[in-house]
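Structure, as structure tokens:
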Amino acid sequence: MSNMLEVADLGHTYGDHEAIGGLTFTVRAGELVCVVGPSGCGKSTLLRTISGLVAPSRGDVSLNGSHLAVVFQDYSRSLFPWLSVQGNVEFPLRSLPRAERRARAAEALEWVGLSGAARKRPWQLSGGMQQRVAIARALAYRPALLLMDEPFASVDAQTRFELEDLLLRVRREHDTTVLVVTHDIDESVYLGDRILVLSGSPARLVADLEVPLPAERDQVTTRTDEGFVALRSKVARLLNVGKPALDVEKWAAAERESLSETVSS
Amino acid sequence: MRAFTRGLLGIAGFLVLWELLGRSPLLPADALPPPSVVFGELVTQLTSPEFISHVVATVLALLIAIVIAIAIAVPSGLVLGSIPAVRHATRAVIEFLRPIPSVALIPLALVMLGFGPETKITLAVYAALWPILFNTIYALDELDPLLVDTARVFGTGRLGVLFLVALPSALPFVLTGIRLAATTALIVMVSVELMAGSQIGLGYFIMEARSGPGRMDQVLVGTVVAGAIGVLLNNGLERVRRRWVAW
Amino acid sequence: MTKFLQRWTVFAGLVVIWQLLGWLADDPFFPPPSKILSAAWEWWVLEPANFTEHIVPSVARLLSGWLIASLIGVSLGLLLGRSDRAMEYAGPLLVFLRSIPPPALVPVFLLLFKAGTSMQLATIVFGVVWPVLLNSVDGARSVDVTKVDTSAVFRIPRWQWVLGVVLPAASPKIFAGLRVSLSLSLVLMVISELVGTDNGIGSQLMQAQREFDYTRMWAGIVLLGVLGYGLNTALLAVERRALAWQPRSRDEQHA
């Protein structure tokens, strides 16, 4: 299998703050890789350097293809309110002839099940549907790599499950290579073929784990599968080793103590 | 600091351009005196009590106009903004009055009020009313209903809500309105002094300099000083808004 | 419909009161609306020359000045707004130039352009370009980071970035600026006509005052009010269509 993305000794520093400290990994063609790490560990910087939005301080990013697409967390800002849903999907395709643009947009909207909403404005749709528009736009662009930045963090739990399954289906049907950045351990295990676990800032690679789950996944059975549970615990342990920042248990105990003091006095 | 330096460089660039234009033979002689001449004249004028009295007259009239405009527009805005029926009823009248340019009222004001400061103050008030009025109404529209409900829950009455909740939360918008109004009032003030032949003020100074000896350098001195007053007013009010109304 | 009635009943009521007071007082300074209307009729309808020689040129000057200023203001504003560096250089200068009362420059423009249309256009353009320019700068700056990133990721061509992202994102602010500029254009049109011309609504206004013809003076004032109202309404209609994409156009919605 060929590599779609090769990241070698990638590092980035903002002023004095080292956000990423030397990451090396690859993403193979057709693979779905999840990058999981604690909040504020430099995941966003990683995504911005890979997508070329920020030139990294050191290291190399090489993409086996001409272009990539990004699905951002904040769909309400990433979609253009002055364009229709169709217009939004056609947005990156301006250089193509009109007819082809239309056809590609219609096709991508069908993949995400939004054919009926082509003429609507994005803000007339629910959050989950808006994120589906963003996914359709990225797919219509036919990217060598689809980058997703916390793509389902802004929708409710039910919608989140639907969108996760939609992503799994679409990428299976169209053999898309995907890199998902998330802070949600469950999500990374459920979606990924492989999980890259990052430590806290500066981000370093702690583990590169294969996900021993079948390609066909299901929100109910997969999440109770032994392999799922075991891997989830493993990732959680790795993350806690990476960043033992806020100890909730300890904090709650201290709180209880001070409360009981005031009550007794 | 670096941004400040760049700003100064921008102004310096403009002055150089002006100097070159003013000295170029393409323009009619003396139509556009270069800044070197104008700033020389500015120094002379700033030490002349007569010029200072013109400036003081304009600034004083301007401040009076702004205060009157606030006194009229803020209460009216509160009423119009909080009682929809009044607002709908007066809407057509306001929509018709607002676009009447204040300068179109110059002849009328001259006839009614004569050539004294009343004319320019009245016209400046008229011009300054609208931004304050509309910003106050707009601010009440934007008032977060949750704040009102919170106050109500704690037993605050209608008037209490108006003064304790609505007014403070409207204040930033109102101050923006006042800032816009001040700039507009300055334009109208100087225009009226220029057009309506009042006997004192910056506009009058400019008109005298033009129509009498044709001293374009003095015209530009008046213009630069008027612009400086505008900048001070604008920045001062912006600073007030930032310092005191930081929410 | 009731709101419409409510609105115009009060308006009509005030006109009627004015009419009655005008009759009762019989003051030459305050003619009743009926007299003003008949003066307007005599002046502009019965003598069409007055219409074509004064109103038409005035409106033409106003509109062309406003359009030129809008074009300059929007293009320069979008350019400056997308570069923090450029704004650092130009910002203080713009603040100063904006603060200059445009009528103060009328003498300079008179010498530079001679009396006539070009001087009047210069006055209008200089006077009204600032609200459009500064609002466009503001609007161009308001393009949020996610949209900037989205555009960068999809590597859209430069023209699409400017016309397809920055311009629409800035358009609500631009329209706010255009409205301010339009009403300022009316002011500056009158000012520029008070000196150095003998045609236009402004000069007729002055002439009426000089001839102590207060009814005509009032007719001129009312005409300017109607003109301002009409222009503003027309621009609002254009704005409503152009900004129909906005999630909620609160603009005048609860009116």
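Residue numbers (numbering that gives the first Met the number 0), protein chains in the order written: chain B, 0 to 264; chain H, 0 to 246; chain C, 0 to 254. Even for Gly, the Cβ is constructed at its ideal location relative to N, Cα and C.
**OP:** Tell me, please, whether the CB atom of isoleucine 190 of chain C is closer than 8 Å to any CB atom in chain H?
**Re:** It does; some Cβ of chain H falls within 8 Å.
Subject >> Cα-Cα separation, glycine 21 of chain H to phenylalanine 95 of chain C >> reply: Cα to Cα, glycine 21 of chain H sits roughly 19 Å from phenylalanine 95 of chain C.
**OP:** Give a yes or no on whether the C-beta atoms belonging to valine 37 of chain H and valine 223 of chain H are separated by under 8 Å.
**Re:** In this structure, valine 223 of chain H lies closer than 8 Å to valine 37 of chain H by Cβ.
Original post:
Any idea what DSSP makes of serine 141 of chain C, helix, strand or coil?
Top reply: coil
Original post:
Shorter than 8 Å from the beta carbon of lysine 242 of chain B to some beta carbon of chain C?
Top reply: Interpretation of lysine 242 of chain B is limited by its pLDDT of 47, a score under 50 that renders its predicted location unreliable; the figure taken from the coordinates is listed afterwards. So no, lysine 242 of chain B is outside the interface.
Subject >> Cβ pair count under 8 Å reaching 3, the segment 105-112 of chain H against the segment 194-211 of chain C >> reply: Touching, yes.
**OP:** Anything in chain C within Cβ reach of glycine 114 of chain H, meaning under 7 Å, just list it in chain order.
**Re:** What sits at residue 114 of chain H in the sequence shown is phenylalanine, not glycine. Chain C residues near phenylalanine 114 of chain H: none, gap ~13 Å exceeds 7 Å.
Original post:
How about leucine 67 of chain B and alanine 139 of chain B: are their beta carbons less than 8 Å apart?
Top reply: no
Original post:
How long is the line joining the alpha carbons of serine 38 of chain B and isoleucine 19 of chain B, rounded to whole angstroms?
Top reply: 13 Å
**OP:** Report all residues from its chain with a CB closer than 8 Å to the CB of histidine 182 of chain B; omit the five preceding and five following residues, and keep chain order.
**Re:** Val35, Gly36, Pro37, Ser38, Lys42, Glu149 and Ala152
Subject >> Residues that serine 114 of chain B contacts on chain C, provided the C-beta gap is smaller than 7 Å >> reply: What serine 114 of chain B touches in chain C: nothing, since even the nearest Cβ is about 21 Å away.
Original post:
Can you tell which of C/Val136, C/Trp7, C/Leu187 and C/Leu111 has the C-alpha that lies nearest to the C-alpha of leucine 25 of chain H?
Top reply: C/Leu111
**OP:** In angstroms with no decimal places, state the Cα-to-Cα distance between aspartate 155 of chain B and arginine 120 of chain B.
**Re:** 21 Å
Subject >> valine 6 of chain H: contacting residues in chain C (beta-carbon distance under 8 Å) >> reply: Reading off the sequence shown, one finds glycine at residue 6 of chain H, where the question assumed valine. Chain order gives the chain C residues near glycine 6 of chain H as Glu87, Tyr88, Gly90, Pro91 and Leu92, where near means a beta carbon separation below 8 Å.
**OP:** Report back the beta-carbon spacing between alanine 68 of chain C and valine 107 of chain C to the nearest angstrom; my notes put them in contact at under 8 Å.
**Re:** No, alanine 68 of chain C and valine 107 of chain C are not in contact; Cβ-Cβ is about 18 Å, not under 8 Å.
**OP:** For my contact list, serine 81 of chain H and leucine 139 of chain H are in at a C-beta cut-off of 8 Å; report their separation, rounded to the angstrom.
**Re:** 6 Å
Original post:
Around the Cβ of leucine 31 of chain H, are there at least 16 other Cβ atoms within 10 angstroms (buried) or fewer (exposed)?
Top reply: buried
**OP:** Compile a chain-ordered list of the residues in the segment 210-233 of chain H whose CB is closer than 9 Å to at least one CB of chain C.
**Re:** Ser210, Gly213, Met215, Val218, Leu219, Gly221, Thr222, Val223, Ala225, Gly226, Ala227, Ile228, Gly229, Val230, Leu231, Leu232 and Asn233
Subject >> Beta-carbon proximity list for alanine 121 of chain C, same chain, < 7 Å, skipping 5 on both sides >> reply: Phe108 and Phe112
Subject >> Residue nearest to aspartate 143 of chain H in terms of C-alpha spacing, selected from H/Leu161, H/Gln198, H/Thr89 and H/Leu128 >> reply: H/Leu161
**OP:** List the residues of chain H that asparagine 231 of chain C touches, going by C-beta distances under 9 Å, in chain order.
**Re:** Within chain H, the residues Glu94, Arg97 and Pro98 have their CB atoms less than 9 Å from the CB of asparagine 231 of chain C, given in chain order.
Subject >> Cβ-Cβ distance between methionine 259 of chain H and leucine 193 of chain C below 8 Å >> reply: Summary: the structure shown does not reach residue 259 of chain H, with chain H confined to residues 0 through 246, and so no result is reported for it.
**OP:** Tell me, please, which residues DSSP counts as bridged to asparagine 234 of chain H.
**Re:** Beta-bridge pairing links asparagine 234 of chain H to no other residue.
**OP:** Compute the Euclidean distance between the alpha carbons of glycine 247 of chain H and proline 102 of chain C, then round it to the nearest angstrom.
**Re:** An answer regarding residue 247 of chain H cannot be provided, because it is not within the stretch 0 to 246 covered by chain H.
Subject >> Helix, strand or coil at asparagine 198 of chain C [DSSP, three-state] >> reply: coil
Subject >> C-alpha gap between alanine 233 of chain C and arginine 239 of chain C, whole angstroms >> reply: 10 Å
Subject >> Contacting residues, own chain, Cβ-Cβ under 7 Å from alanine 235 of chain B (five flanking each side not counted) >> reply: Ile184
Original post:
If we ignore side chains and look at the alpha-carbon of each, how far apart do aspartate 82 of chain B and valine 152 of chain C end up?
Top reply: One detail in the question is off: residue 82 of chain B reads as leucine in this sequence, not aspartate. Each residue's alpha carbon lies about 18 Å from the other.
Original post:
Counting pairs of beta carbons, one from the segment 75-92 of chain C and one from the segment 28-35 of chain C, are three or more of them closer than 8 Å?
Top reply: no
**OP:** Using the Cα positions of valine 111 of chain B and arginine 131 of chain B, report the straight-line distance between them to the nearest angstrom.
**Re:** Between the alpha carbons of valine 111 of chain B and arginine 131 of chain B lies a distance of about 6 Å.
**OP:** Identify the contact partners of arginine 154 of chain C in chain D, using a Cβ-Cβ distance below 7 Å as the criterion.
**Re:** Here the protein chains are B, H and C, and chain D is not one of them.
Subject >> For histidine 11 of chain B, the residue or residues it bridges with in DSSP >> reply: Note: histidine 11 of chain B sits in a beta bridge opposite B/Ile19.
**OP:** Kindly indicate the opening and closing residues of the beta strand (DSSP E) around leucine 79 of chain C.
**Re:** Per DSSP, leucine 79 of chain C belongs to no beta strand (DSSP E); it is in the alpha helix (DSSP H), 55-80.
**OP:** List the whole-angstrom C-beta distance separating alanine 227 of chain H from valine 189 of chain H, where the pair is believed to meet the contact cut-off of C-beta under 8 Å.
**Re:** Not really, about 12 Å apart at Cβ, beyond 8 Å.
Original post:
Expressed to the nearest angstrom, what Euclidean distance is found between the alpha-carbon atoms of proline 201 of chain B and threonine 12 of chain B?
Top reply: Looking at the two C-alpha atoms, the distance is approximately 9 Å.
Original post:
Buried or exposed: which applies to isoleucine 51 of chain H, given that a residue is buried once 16 or more other Cβ atoms fall within 10 Å of its Cβ?
Top reply: exposed
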